[in-house]
Amino acid sequence: MKYIWIVLLAGLVLGCQEKKKGPFRYFTNYQRTFNDMNPRHLQAAKEWGIAPITSKEDMEKKLGEMEEIESCRFYEVDELTHSLPYLVPRAAELLEDIGRNFRDSLDSKDLPSRKIIVTSVLRTAGTVKELRKSNINASANSAHVYGTTFDIAYARYAGAKEGERDKLKTVLAEVLRDLRQEKRCYVRYEYKQGCFHVTVR
Numbered sequence: 012m013k014y015i016w017i018v019l020l021a022g023l024v025l026g027c028q029e030k031k032k033g034p035f036r037y038f039t040n041y042q043r044t045f046n047d048m049n050p051r052h053l054q055a056a057k058e059w060g061i062a063p064i065t066s067k068e069d070m071e072k073k074l075g076e077m078e079e080i081e082s083c084r085f086y087e088v089d090e091l092t093h094s095l096p097y098l099v100p101r102a103a104e105l106l107e108d109i110g111r112n113f114r115d116s117l118d119s120k121d122l123p124s125r126k127i128i129v130t131s132v133l134r135t136a137g138t139v140k141e142l143r144k145s146n147i148n149a150s151a152n153s154a155h156v157y158g159t160t161f162d163i164a165y166a167r168y169a170g171a172k173e174g175e176r177d178k179l180k181t182v183l184a185e186v187l188r189d190l191r192q193e194k195r196c197y198v199r200y201e202y203k204q205g206c207f208h209v210t211v212r
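For reference, each letter of the sequence shown is one residue, going 12 to 212 in the working numbering.
Following this line, the structure appears as structure tokens:
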């Protein structure tokens, strides 16, 4: 009888101990996983977004229909040179969820807390024209003009140190893959520009 109690007690103690986590598994096949081409992004952008801003006259009205995004505890907004920090509410909510899920995933993997960096948001006809001079991936028919689309850097993270970026990229990819599978967004992996191109669905 005493032996049975010892066995039960030992099982209880071992069961309460945290299970050891396996080795970190890096994400692969970025281009194959995130291969939503421009027509898909445009279809969703036209369904959920604003009419493109084509003049200064209607800019104030269109911006009033969107939410201004600012650096917060879930993400950092980069210094924007060819876009404005505005998204339609549906897209702003998606961006916050990406940042929140990224932070939670880092915590679950015992990785240091870092933040994603948003590198491009709302574009106007003028900013698209200027951007195309230096960025071959900047489409003349861009989903960015609808306020539904944003780019997230995969090679830079707020607070990141040397040697962390590959793991952070994997975690971000897992977050985006899950949201994409939930049909909340389309995602394109833009290798040359170092970012994930994301459009809300």
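Backbone N, C-alpha and C define an ideal beta-carbon position, used for all residues, glycine too.
Asked, Found
"Integer-rounded CB distance, given that R199 should sit under 8 Å from D89", "D89 to R199, Cβ: 18 Å. No contact."
"S124 (DSSP reduced to helix, strand or coil)", "coil"
"Cβ-based neighbour list, V233, same chain, cut-off 6 Å, excluding 5 preceding and 5 following", "This structure cannot settle anything about residue 233, because the visible part of the chain is limited to 12 through 212."
"Bounding residues of the alpha helix (DSSP H) (the contiguous stretch that carries A154)", "Element bounds for A154: n/a, residue is neither H nor E."
"Backbone CA spacing between K73 and S94 [nearest angstrom]", "14 Å"
"Spatial neighbours of R51 in its chain, beta-carbon cut-off 6 Å, leaving aside the 5 residues before and after", "Y197"
"Under the three-state DSSP convention, the category A21 falls into", "Its pLDDT being 44, under 50, A21 is placed unreliably by the model, and nothing is read from it."
"C-alpha gap between E68 and E78, whole angstroms", "19 Å"
"Terminal residues of the beta strand (DSSP E) in which D115 lies", "Looking at the DSSP string, D115 is not in any beta strand (DSSP E); the run it does join, the alpha helix (DSSP H), is 100 to 119."
"The beta strand (DSSP E) enclosing E87, as first and last residue numbers", "86 to 88"
"Proximity winner among W59, L122, G110, relative to L98 (alpha-carbon distances)", "W59"
"Rounded separation between L105 and V211 - CA only", "7 Å"
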